[in-house]
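Enquirer: Protein chains in written order, with the working numbering: chain A, 254 to 396; chain D, 254 to 396.
Where is the CB? At the ideal position from N, CA and C, for every residue including glycine.
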DNA sequence: TTATTTTGTTTGTACATACAACTATATATT
DNA sequence: AATATATAGTTGTATGTACAAACAAAATAA
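1. To the nearest angstrom, how far is it from the Cα of residue 324(A) to the Cα of residue 370(D)?
2. For residue 269(A), name the three-state secondary structure that DSSP assigns.
3. Rounded to whole angstroms, what's the CA-CA distance from residue 304(A) to residue 340(A)? Just pull it up for me.
4. CA-CA distance, residue 345(D) and residue 348(A)?
5. Report all residues from its chain with a CB closer than 7 Å to the CB of residue 397(D); omit the five preceding and five following residues, and keep chain order.
6. Taking the Cβ atom as the reference point for each residue, do residue 298(D) and residue 316(D) lie within a distance shorter than 8 Å?
7. For residue 357(D), which three-state DSSP category applies?
8. Since residue 329(D) and residue 307(D) are thought to touch, with beta carbons under 8 Å apart, how far apart are those beta carbons, to the nearest angstrom?
9. Can you tell me the Cα-Cα spacing of residue 376(D) and residue 364(A), whole angstroms?
10. Have a look at 296(A), 301(A), 320(A), 279(A) and flag the residue whose alpha-carbon is nearest the alpha-carbon of residue 331(A).
11. Over what stretch of residues does the alpha helix (DSSP H) that includes residue 329(D) continue unbroken?
12. Can you find the residues in the same chain that come closer than 7 Å, C-beta to C-beta, to residue 267(A), ignoring five residues on each side of it along the sequence?
13. Looking only at its own chain, which residues have a Cβ that is under 8 Å from the Cβ of residue 265(A), when we skip the five neighbours before and after it?
14. Would a C-beta distance cut-off of 8 Å place residue 274(A) and residue 389(D) closer than the cut-off?
15. Around the Cβ of residue 319(D), are there at least 16 other Cβ atoms within 10 angstroms (buried) or fewer (exposed)?
16. Express the C-alpha separation of residue 335(D) and residue 355(D) in angstroms, rounding to a whole number.
17. Provide the residue span of the alpha helix (DSSP H) that contains residue 289(D), from first to last.
18. For residue 309(A) and residue 381(A), I'd like the C-alpha separation in whole angstroms.
19. Closer than 7 Å between beta carbons: that is the criterion. Which residues of the region 274-296 of chain D meet it against chain A?
20. Out of 391(A), 385(A), 393(A), 392(A), which one is the CA nearest neighbour of residue 269(D)?
21. Counting only beta-carbon atoms, is residue 304(D) nearer than 8 Å to chain A?
22. Assign residue 342(D) to one of three DSSP states: helix, strand, or coil.
23. Within the continuous alpha helix (DSSP H) that includes residue 378(D), where are the two ends?
24. Hey, how far is the Cα of residue 231(A) from the Cα of residue 300(A)?
25. Residue 333(D) and residue 351(D) look like a contact to me (Cβ under 8 Å); what is the Cβ gap, rounded to whole Å?
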């Protein structure tokens, strides 16, 4: 069998490739917010729950604690969030400047969605997204 | 709407998450080869065509030229491949030591496949993989 | 034949992310 | 109350990958 077939029959390879393609699109769409997409999503999580802990952020975003720490650092440096240490917890809040970004981020989110929907079809895009979510859950629970 | 819904409705987020989960599985399965999966795939591409150029490697693996250069460096340092410069091309060949890895890599590839098939179902896993390949092609051609 | 453009590769730099080891706080056990 | 264990966050370090700019060779135009 030819190599290309091996590759396209490997979930690691195809998932990885798709992820890079979509990541590039997402970076472009979020550029006007001045943030890369994951940072924007972290902010969204704080809009959703002011005073959220880092642990919760990690759970929602499916990122490692150390990654969260690093993201918090950067967003704090940009003066978009701040944290209040409460015992061993570090609770995260948006600053005024952070709040001002909410509209923009939401717009980016919509633009990204429209961008791939235009190519894949709205229904197909949504179904794919849902499918990937379910598959991830399966893979994470079953081991 | 709650944030978690926004996230699982975003292809960037779900594709990225899946990719990280599968990447971790793949790294574990390829560990016995001493290579991370993408390096192993590069080697497979050289098995498939001794004397392949870096450009071709990039096209097959869907990686940037600069990334290929870096991978070549590492695999050369491990004495698994070598290159022959031919004009402006750099042609890649496997060394003896590289050839010895072929069996092992193939086994890792199979193990990885079995591992996620056991969770997702063989048919479902294959269909998903094919779907991701098609979606990636769509997204890359349509812009 | 020289000058220009194109093509393939490399180098510097940057970023998202992870893991392992560590620190600090909180809870449970003796 | 003192000690042990669990939990939350941080720090050092590593890795895969990309982009932009540089470089070198080849192809084309002058």
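Expert: On the basis of the data shown:
1. 34 Å
2. helix
3. 14 Å
4. 53 Å
5. Since the displayed chain D opens at 254 and closes at 396, residue 397(D) lies outside it and no answer follows.
6. no
7. helix
8. Contact flag wrong, Cβ pair sits at about 12 Å.
9. 34 Å
10. It is 296(A) whose Cα lies nearest to the Cα of residue 331(A).
11. 318-330
12. 261
13. Residues of the same chain with their beta carbon placed closer than 8 Å to that of residue 265(A) are lacking, with the five preceding and five following residues left out of the count.
14. yes
15. exposed
16. 16 Å
17. Careful: residue 289(D) lies outside any alpha helix (DSSP H) and carries neither H nor E.
18. C-alpha separation (whole angstroms): 26 Å.
19. 274, 275, 276, 279, 290, 294
20. 385(A)
21. No, residue 304(D) does not count as interfacial toward chain A.
22. strand
23. 375-394
24. As shown, chain A starts at 254 and ends at 396. That puts residue 231(A) outside it, with no answer to give.
25. 4 Å
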